[in-house]
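S.K.: Position in the sequence shown (first residue = 1) + 25 = this note's numbering. All residues carry an ideal CB built from backbone N, CA and C; glycine is no exception. Small disclaimer: the values here were computed from a predicted structure and weren't measured.
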Amino acid sequence: MFDFPAEGTARPGLSASHGIKPGHIAHHGAVNGVTGSCHQLFVDAHNSILIDCGLFQGAETSPGGSRHNSLAIEFDISTVKALVATHVHIDHVGRIPYLIAAGFRGPIYCSEPSAELLPLVLEDALKIGISRDEALIGKFIRYIKKQLRPLPYNRWQPVVAEKGGTLGIRLQRAGHILGSAYVECELKYHGSPDAARRSPGSQSGRSYKRRIIFSGDMGARHTPLLYAPKAPWGCDELVIESTYGDRLHQNRKQRVQILQNTIECALKDGGSVLIPAFSIGRTQELLYELEGIIHRQAGGRRRDNPWRDLPVIVDSPLASRFTKVYRRLQPYWDAEARRLLSRGRHPLSFEQLITVDEHEAHRKLVAELANSKRPAIVIAASGMCSGGRIVNYLKAMLEDERHNILFVGYQARGTPGRDIQTYGPQKGYVDIEGERYRIGAGVASISGYSAHADQEDLLGFIRKMKKRPQCIRVVHGDAQAKQVLRQRIEQEGLAAEVVVPD
26 MFDFPAEGTA
36 RPGLSASHGI
46 KPGHIAHHGA
56 VNGVTGSCHQ
66 LFVDAHNSIL
76 IDCGLFQGAE
86 TSPGGSRHNS
96 LAIEFDISTV
106 KALVATHVHI
116 DHVGRIPYLI
126 AAGFRGPIYC
136 SEPSAELLPL
146 VLEDALKIGI
156 SRDEALIGKF
166 IRYIKKQLRP
176 LPYNRWQPVV
186 AEKGGTLGIR
196 LQRAGHILGS
206 AYVECELKYH
216 GSPDAARRSP
226 GSQSGRSYKR
236 RIIFSGDMGA
246 RHTPLLYAPK
256 APWGCDELVI
266 ESTYGDRLHQ
276 NRKQRVQILQ
286 NTIECALKDG
296 GSVLIPAFSI
306 GRTQELLYEL
316 EGIIHRQAGG
326 RRRDNPWRDL
336 PVIVDSPLAS
346 RFTKVYRRLQ
356 PYWDAEARRL
366 LSRGRHPLSF
376 EQLITVDEHE
386 AHRKLVAELA
396 NSKRPAIVIA
406 ASGMCSGGRI
416 VNYLKAMLED
426 ERHNILFVGY
436 QARGTPGRDI
446 QTYGPQKGYV
456 DIEGERYRIG
466 AGVASISGYS
476 AHADQEDLLG
486 FIRKMKKRPQ
496 CIRVVHGDAQ
506 AKQVLRQRIE
516 QEGLAAEVVV
526 PD
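Written out as structure tokens, the structure is:
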């Protein structure tokens with residue numbers, strides 16, 4: 026159907042002879058790290074769904090990482106009836122083109138905002154990783170749009186209906202990025218108790234129920250623009266992320282203060298603040314907070330107030346496109362953001378915001394900021410400095426002490442971002458595209474701007490359930506984060522069994 030490579034064929038999988046039971050979960054990513062999320066939930070030996078199908082990134086694509094091939098579909102997809110996308114970050118949806126190339130033709134369920142954002146994400150991924158053939162990419166995107174099944178939050182949707190059992194899903198707000206969701210899955214199946222995993226009180230005659238929740242990526246409290254996630258009533262089994270399962274974030278007041286302090290250093294030194302950020306989610310949250318800081322600091326009658334002329338530059342065509350979609354999706358913003366709109370404030374479209382689309386304009390801007398003493402805030406992808414326009418800024422400005430690099434998100438092992446974050450405070454070195462650069466610029470990190478829940482958020486999500494899960498599977502984290510979260514769950518007695526898959 027599509028001429029791009031399948032990067033490996035799906036290998037033969039589990040059959041009925043293997044005794045697959047309703048509710049069996051197979052993990053195909055995000056078990057030895059934080060990328061490549063992909064989980065398979067079986068209704069029976071012949072029917073299953075996928076929760077996400079993401080790309081492996083950073084060290085997790087190397088022989089020592091989670092997978093040798095970041096793109097391959099290395100599992101049998103013959104039983105897969107549908108895909109559920111929790112959100113549109115590339116480490117959760119980036120392998121969808123290869124899933125389709127391997128033969129998947131089922132529906133793709135996601136939230137209504139995600140349905141608007143996903144084609145843009147995949148179009149960009151195809152251009153970067155597969156082909157520049159506009160006709161081929163257009164054909165694929167048209168196909169994806171036909172397969173999308175947008176769902177409202179908090180409404181059950183039948184997905185599999187077979188004689189032996191049925192599966193329904195319900196999306197709930199996850200507070201990670203706009204459109205993100207955690208997925209409640211309800212299995213109803215028939216037959217003898219020996220053919221299923223029963224939970225106490227679940228049987229009704231010869232019918233049984235089991236509820237399984239996949240957290241996707243959970244958001245932190247007080248994330249700009251987004252409603253905080255609410256815990257469900259309960260479940261039998263929970264698959265939960267653990268990106269920050271071993272630490273706590275700064276609160277909102279602290280993170281805003283660090284952001285403001287870093288900008289003030291730029292104003293004082295005549296340098297720029299370079300913020301590597303994902304095009305979707307983090308960029309829009311930063312714009313929201315920056316508009317608030319500038320609104321407060323640029324007030325008063327002083328004509329020489331430097332905040333009034335401080336440009337906020339989004340140098341990413343993709344981020345600009347996503348920001349336009351975010352503006353269009355205002356009904357999904359939280360109450361605080363909509364109050365600002367009612368007062369005439371525009372947190373994603375304010376006077377000092379400048380967007381850079383053309384590459385020639387980008388090239389000139391890099392040279393200008395590197396050679397002048399004009400303070401500026403620059404937000405550019407990629408968020409882990411592994412590609413995109415941020416790389417050109419780093420090459421031109423990383424060695425200059427006037428500038429500051431501000432990390433506002435997780436930096437995976439093996440990425441330039443992680444190396445700058447690690448060695449920057451000691452004025453060390455980093456290799457970028459085969460060249461070594463001394464880190465002269467200031468380096469700071471704000472954990473509070475992570476779109477991921479911290480340890481307390483994750484534990485609180487479980488604590489608030491009226492029916493606690495019997496089993497919790499801890500995924501999507503470094504080894505230490507997973508083990509620390511596992512220990513905390515066990516210490517509090519939040520589940521009878523806690524598993525860290527490998």
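Let me confirm a value: Gly-295 is counted as buried when at least 16 other C-beta atoms fall within 10 Å, else exposed. Which label applies?
M.R.: Exposed.
S.K.: Quick check: the Cα distance between Tyr-214 and Glu-385, rounded to an integer number of angstroms?
M.R.: So the alpha carbons of these two residues sit roughly 60 Å apart.
S.K.: So the alpha helix (DSSP H) Lys-46 belongs to, where does it begin and stop?
M.R.: Taken as a continuous stretch (DSSP letters only), Lys-46 belongs to no alpha helix (DSSP H), as it is neither H nor E.
S.K.: Use the C-beta contact count for Leu-510: other C-beta atoms within 10 angstroms, 16 or more gives buried, fewer gives exposed.
M.R.: It is buried - the Cβ of Leu-510 has at least 16 other Cβ atoms within 10 Å.
S.K.: Taking Val-337 as part of the beta strand (DSSP E), name the residues at either end of that continuous run.
M.R.: That run of the beta strand (DSSP E) goes 337 to 339.
S.K.: If we ignore side chains and look at the alpha-carbon of each, how far apart do Ile-74 and Gly-189 end up?
M.R.: When rounded, the distance between both Cα atoms is 16 Å.
S.K.: DSSP three-state call for Asn-417: helix, strand or coil?
M.R.: Asn-417: helix per DSSP, three-state reduction.
S.K.: Evaluate Asn-429 with the Cβ neighbour count: other Cβ atoms within 10 Å of its Cβ, from every protein chain shown; 16 or more gives buried, anything less gives exposed.
M.R.: Asn-429 comes out buried.
S.K.: Should His-93 go down as buried or exposed, given a rule of 16 or more other Cβ atoms within 10 Å for buried?
M.R.: Residue confidence for His-93 is low, a pLDDT of 41 falling below 50, so the modelled location carries little weight; the figure read from the coordinates is stated next. Per the 10 Å Cβ criterion, exposed.
S.K.: Name the one or two DSSP bridge partners that His-64 has.
M.R.: His-52, Ile-76.
S.K.: Have a look at Lys-507 and Val-500 and give me their C-alpha separation to the nearest angstrom.
M.R.: C-alpha separation (whole angstroms): 7 Å.
S.K.: With DSSP as the reference, label Glu-99 as helix, strand or coil.
M.R.: Looking at Glu-99 - three-state DSSP - the assignment turns out to be coil, as it is neither helix nor strand.
S.K.: Mind checking His-112: buried by the 16 CB within 10 Å criterion, or exposed?
M.R.: Under this definition His-112 is a buried residue.
S.K.: Taking the alpha-carbon positions, what's the Gln-65 to Gln-285 distance?
M.R.: Their backbone Cα atoms lie some 43 Å apart in a straight line.
S.K.: Please confirm whether Leu-128 and Ala-150 have their CB atoms less than 7 Å apart.
M.R.: It should be pointed out that residue 128 corresponds to Gly in this sequence rather than to Leu. No.
S.K.: So, for Ser-40: in the same chain, excluding its five sequence neighbours on each side, which residues have a beta-carbon less than 7 Å away from its beta-carbon?
M.R.: Residue placement at Ser-40 cannot be trusted, given a pLDDT of 43 that sits under 50; what the coordinates show is reported in the next sentence. Only Ala-70 meet the Cβ criterion.
S.K.: Could you check where the alpha helix (DSSP H) with Cys-290 kicks off and where it finishes?
M.R.: Start and end: 277 to 294.
S.K.: Specify the secondary structure class of Val-509 as computed by DSSP and reduced to three states.
M.R.: DSSP places Val-509 in helix when its eight states are reduced to three.
S.K.: Can you tell me whether Ser-139 is helix, strand or coil according to DSSP?
M.R.: Helix, per DSSP.
S.K.: Does the stretch 431 to 445 come close enough to the stretch 402 to 409 to have 3 or more Cβ pairs within less than 8 Å?
M.R.: Verdict: yes, contact present.
S.K.: Would you identify the three-state DSSP class for Pro-356, choosing helix, strand or coil?
M.R.: Three-state DSSP puts Pro-356 in a helix.
S.K.: Mind the definition here: the stretch 303 to 310 touches the stretch 198 to 206 only if three or more C-beta pairs lie below 8 Å; say whether that holds.
M.R.: As far as the Cβ criterion goes, the stretch 303 to 310 touches the stretch 198 to 206, which means the pair count is three or higher.
S.K.: Kindly indicate which three-state DSSP category Leu-519 falls into: helix, strand or coil?
M.R.: Of the three classes helix, strand and coil, the one that applies to Leu-519 here is coil, per DSSP.
S.K.: Suppose contacts are defined by Cβ-Cβ distances below 7 Å. Is Ala-469 in contact with Thr-287 by that definition?
M.R.: Yes, the Cβ-Cβ distance between Ala-469 and Thr-287 is below 7 Å.
S.K.: Check whether the Cβ atoms of Val-105 and Val-185 lie closer than 7 Å to each other.
M.R.: Not in contact: Val-105 and Val-185 (Cβ atoms no closer than 7 Å).
S.K.: At what residues does the alpha helix (DSSP H) containing Ala-392 begin and finish?
M.R.: Residues 384 to 396.
S.K.: Looking only at C-alpha atoms, which of Val-109, Gly-154, Tyr-123 sits nearest to Ile-133?
M.R.: Nearest of Val-109, Gly-154, Tyr-123 to Ile-133, Cα basis: Val-109.
S.K.: Taking only the alpha-carbon atoms, compute the straight-line gap between Ser-374 and Phe-239 and give it to the nearest angstrom.
M.R.: The straight-line gap from Cα to Cα measures roughly 34 Å.
S.K.: Express the C-alpha separation of Ile-415 and Ser-341 in angstroms, rounding to a whole number.
M.R.: Whole-angstrom Cα-Cα distance: 9 Å.
S.K.: Could you give the DSSP three-state label for Ile-22: helix, strand or coil?
M.R.: Residue numbering for the chain in the displayed model covers 26 to 527; residue 22 lies beyond these limits and cannot be assessed.
S.K.: Hey, quick one: how far does the alpha helix (DSSP H) through Thr-380 stretch, first residue to last?
M.R.: Where Thr-380 is concerned, there is no enclosing alpha helix (DSSP H), although the beta strand (DSSP E) it sits in stretches over 378 to 380.
S.K.: Give the secondary structure of Ile-133 by DSSP, where H, G and I count as helix, E and B as strand, and everything else as coil.
M.R.: It is a strand residue.
S.K.: Would DSSP call Lys-537 helix, strand or coil?
M.R.: The displayed coordinates of the chain run from 26 to 527. Any statement about residue 537 would go beyond what the structure contains.
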